[in-house]
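>
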Amino acid sequence: MAFSGPATIPHVADAWTRLSAAIAGGGDLIVDVSEISGADLSFVQLLESARASCARQGGTVRLAQPAEGALRDVLERGGFLDGADAERLQFWTHAGVAQ
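First residue of the sequence shown? That's 1283 in the working numbering, and the numbers climb one at a time after it.
Rendered as structure tokens:
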């Protein structure tokens, strides 16, 4: 599943509709965020919620590539990476994952 353009609060309802449908389909989900042009905390929270929802159904959500640009800036400003456990760091930054 790929997202492009702004990943901000005016667009989060559409993003949630797409993510929840994919999660309901079961299995693992790969999310491509390489084409987003802007991001805010609503999108970060949406992806964290999607991860939790998918995990409850026995699946996983992962990013196709590490968060960069606007998304990485939001993660850093919002403190999502400060003191994050290994699982969260791996999800957002692919830390410890062979590329």
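A virtual CB, placed ideally from N, CA and C, is assigned to each residue, including glycine.
(1) Quick check: the Cα distance between arginine 1344 and proline 1292, rounded to an integer number of angstroms?
(2) Measuring CB to CB, does isoleucine 1305 end up less than 8 Å from alanine 1346?
(3) If I'm right that threonine 1342 touches aspartate 1310 with Cβ under 8 Å, what's the distance once you round it to whole angstroms?
(4) Using the Cα positions of serine 1302 and serine 1319, report the straight-line distance between them to the nearest angstrom.
(5) With distance defined between alpha-carbon atoms, name the residue in Ala1368, Gly1351, Thr1299 and Gly1365 nearest to leucine 1329.
(6) Run through the DSSP bridge pairs and tell me what isoleucine 1318 is partnered with.
According to the structure data:
(1) Here residue 1344 refers to the residue found at position 62 when the sequence shown is read from its first residue. Here residue 1292 refers to the residue found at position 10 when the sequence shown is read from its first residue. For arginine 1344 and proline 1292, the distance between alpha carbons rounds to 23 Å.
(2) As a first step, residue 1305 must be located in the sequence shown, where it is residue number 23. As a first step, residue 1346 must be located in the sequence shown, where it is residue number 64. No. Outside cutoff.
(3) Taking the sequence shown and counting its residues from 1, one reaches residue 1342 at position 60. Taking the sequence shown and counting its residues from 1, one reaches residue 1310 at position 28. Indeed, because the Cβ distance is near 5 Å, the residues count as touching under 8 Å.
(4) The residue given as residue 1302 occupies position 20 in the sequence shown. The residue given as residue 1319 occupies position 37 in the sequence shown. Straight-line Cα distance between these residues: approximately 22 Å.
(5) Indexing the sequence shown from 1 puts residue 1329 at position 47. Checked all of Ala1368, Gly1351, Thr1299 and Gly1365; the closest Cα to leucine 1329 is Thr1299.
(6) Working through the sequence shown from its first residue, we reach residue 1318 at position 36. The partner list for isoleucine 1318 (beta bridge, DSSP) reads Gly1287.
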